[in-house]
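**Q** I'd like to ask you about the structure that follows.
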Amino acid sequence: MLVASIMAGSEDDRELDHWQALARACQDEGCDAFELNLSCPHMDRDDMGSNIGKNCELIETVVGVVKAVARVPVWVKLTPNTTDIAREAGAAFNAGADAISSSNTFTSLPLIDPNALEFEVNVEGLVSYGGLGGPAILPLSLAKMAQMTQAHPARSFSGIGGIGEFSHALSYFLLGCGTVQVCTAAMLDHAIGPNVIKGLIAGMTAFLERHADKGWRSLDDFCGLRRDRIVEHSRIKRPDAKDYHGGHEAPEGYASPQVAAKPEVV
Numbered sequence: 043m044l045v046a047s048i049m050a051g052s053e054d055d056r057e058l059d060h061w062q063a064l065a066r067a068c069q070d071e072g073c074d075a076f077e078l079n080l081s082c083p084h085m086d087r088d089d090m091g092s093n094i095g096k097n098c099e100l101i102e103t104v105v106g107v108v109k110a111v112a113r114v115p116v117w118v119k120l121t122p123n124t125t126d127i128a129r130e131a132g133a134a135f136n137a138g139a140d141a142i143s144s145s146n147t148f149t150s151l152p153l154i155d156p157n158a159l160e161f162e163v164n165v166e167g168l169v170s171y172g173g174l175g176g177p178a179i180l181p182l183s184l185a186k187m188a189q190m191t192q193a194h195p196a197r198s199f200s201g202i203g204g205i206g207e208f209s210h211a212l213s214y215f216l217l218g219c220g221t222v223q224v225c226t227a228a229m230l231d232h233a234i235g236p237n238v239i240k241g242l243i244a245g246m247t248a249f250l251e252r253h254a255d256k257g258w259r260s261l262d263d264f265c266g267l268r269r270d271r272i273v274e275h276s277r278i279k280r281p282d283a284k285d286y287h288g289g290h291e292a293p294e295g296y297a298s299p300q301v302a303a304k305p306e307v308v
């Protein structure tokens, strides 16, 4: 399966035409799907990259113009650098997106060297906000993905972020993803990831064999199995068995009179 990643601006009709031109060119060459890059963090413009992915109106506009010419499924790659990613996913689906992929990278800066007092990665001393990917973002991306799959359980998702082995991919599958994508681990594995891919396939095969007694034969049999285990804080039992209401009642937790009255133990 060949998925073509495309990106353009959205300032005016001319730039929206660029999305359609890219889509037509890629599908004419035989791509099986598009992934619309609404998530690249390295753009200064308000109408390009991740800035589109933060704006529901622009999301709907871009997805709509591509769907108008698409003969193959349209995936939308969303930025995690937003307050309510489930809302942006909803905008994409409302405009006709067939699937959502996430996460792209998280906003970050390089560390400052304590001796040189310079950023550890810089160009002539200057830096800009950039995207952090790789193993560090696995739990962050899982949280973003769960927010979307819980809000849109009947939709299709592709999980991205921090995947280096099958157990990582399995977490995305159990949250409701039908596919996963790998970048950093593949780059570190001969630039294209032959061993990573072999490990993912072997891991899936072994997993299905271990659970054959459940009748599991494919991903469809367990996709989203643990999505409903993610609940509000107030539903998590506290060790002291006291009720907790997620901050909705002032006299609870550390704000309760009983806790406040206790002397601090040194």
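In short: position in the sequence shown from 1, add 42, done, that's my numbering. Using N, Cα and C, we set each Cβ at its ideal position, and we do this for glycine too. This structure is a prediction, so every number in the text was calculated from the model and none was measured.
Going by C-alpha to C-alpha distance, which of 94, 185, 278 sits closest to residue 84?
**A** It is 94 whose Cα lies nearest to the Cα of residue 84.
**Q** Going by beta carbon distance, what residues of the same chain come within less than 6 angstroms of residue 51, once the five residues before and after it are set aside?
**A** The answer, listed in chain order, is 57, 89, 90.
**Q** By the 10 Å Cβ neighbour count, where 16 or more other Cβ atoms means buried, how is residue 44 classified, buried or exposed?
**A** Exposed is the call here.
**Q** Mind listing, in chain order, the continuous beta strand (DSSP E) runs of no fewer than 3 residues lying wholly within the stretch 155-226?
**A** Those beta strand (DSSP E) runs which fall completely within the stretch 155-226 and span 3+ residues are 172-174, 199-202, 221-223.
**Q** What do you get for residue 260, buried or exposed, if any count of 16 or more other CB atoms within 10 angstroms of its CB means buried?
**A** Classification for residue 260: exposed.
**Q** Any contact between the stretch 199-218 and the stretch 138-149? By contact I mean 3 or more CB pairs, one from each, below 8 angstroms.
**A** They touch, by the three-pair rule.
**Q** Can the beta-carbon of residue 149 be found closer than 9 angstroms to that of residue 123?
**A** A contact, by the Cβ cut-off of 9 angstroms.
**Q** Residue 97 by DSSP, collapsed to three states: which one?
**A** Coil.
**Q** What's the C-alpha gap between residue 182 and residue 54?
**A** Cα to Cα, the separation comes out at about 34 angstroms.
**Q** Are the beta-carbon atoms of residue 109 and residue 131 separated by less than 9 angstroms?
**A** No, these two residues do not count as a Cβ contact at 9 angstroms.
**Q** Using C-beta distances below 7 angstroms, list every residue in its chain close to residue 246, excluding the 5 sequence neighbours before and after it, in chain order.
**A** For residue 246, where only same-chain residues beyond five positions count, the Cβ hits under 7 angstroms are 208.
**Q** Tell me, which residues are paired with residue 48 by DSSP?
**A** DSSP lists 78 as partners of residue 48.
**Q** Whole angstroms are fine: how far does the CA of residue 111 sit from the CA of residue 120?
**A** When rounded, the distance between both Cα atoms is 21 angstroms.
**Q** Once you ignore the five residues that flank residue 272 on each side, which residues in its own chain have a CB closer than 7 angstroms to its CB?
**A** Around residue 272: 188, 192.
**Q** Would you check if the distance between the CB atom of residue 206 and the CB atom of residue 236 is smaller than 9 angstroms?
**A** Not closer than 9 angstroms, so no.
**Q** Under 6 angstroms Cβ to Cβ from residue 59, same chain only, skipping five residues before and after it: list those, please.
**A** Excluding sequence neighbours, residue 59 sits near nothing in its chain.
**Q** Buried or exposed: residue 170, going by 16 or more other Cβ atoms within 10 Å of its Cβ?
**A** Per the 10 Å Cβ criterion, exposed.
**Q** Residue 253 to residue 174, Cα distance in whole Å?
**A** C-alpha separation (whole angstroms): 35 angstroms.
**Q** With 16 as the cutoff for other CB atoms within 10 Å, does residue 257 come out buried or exposed?
**A** Flag for residue 257 reads exposed.
**Q** Among residues of its own chain, excluding the 5 on either side of residue 267, which ones have a beta-carbon nearer than 6 angstroms to its beta-carbon?
**A** Around residue 267: 216.
**Q** Determine whether the beta carbon atoms of residue 68 and residue 46 lie at a separation below 9 angstroms.
**A** Going by C-beta atoms, residue 68 is nearer than 9 angstroms to residue 46.
**Q** May I ask you to list the residues that DSSP assigns as paired with residue 119?
**A** Beta-bridge pairing links residue 119 to 79, 143.
**Q** Are residue 228 and residue 243 closer than 9 angstroms when you measure CB to CB?
**A** No, they are not a contact pair.
**Q** Tell me whether residue 260 sits in a helix, a strand or coil according to DSSP, three-state version.
**A** Note: residue 260 maps to coil in three-state DSSP.
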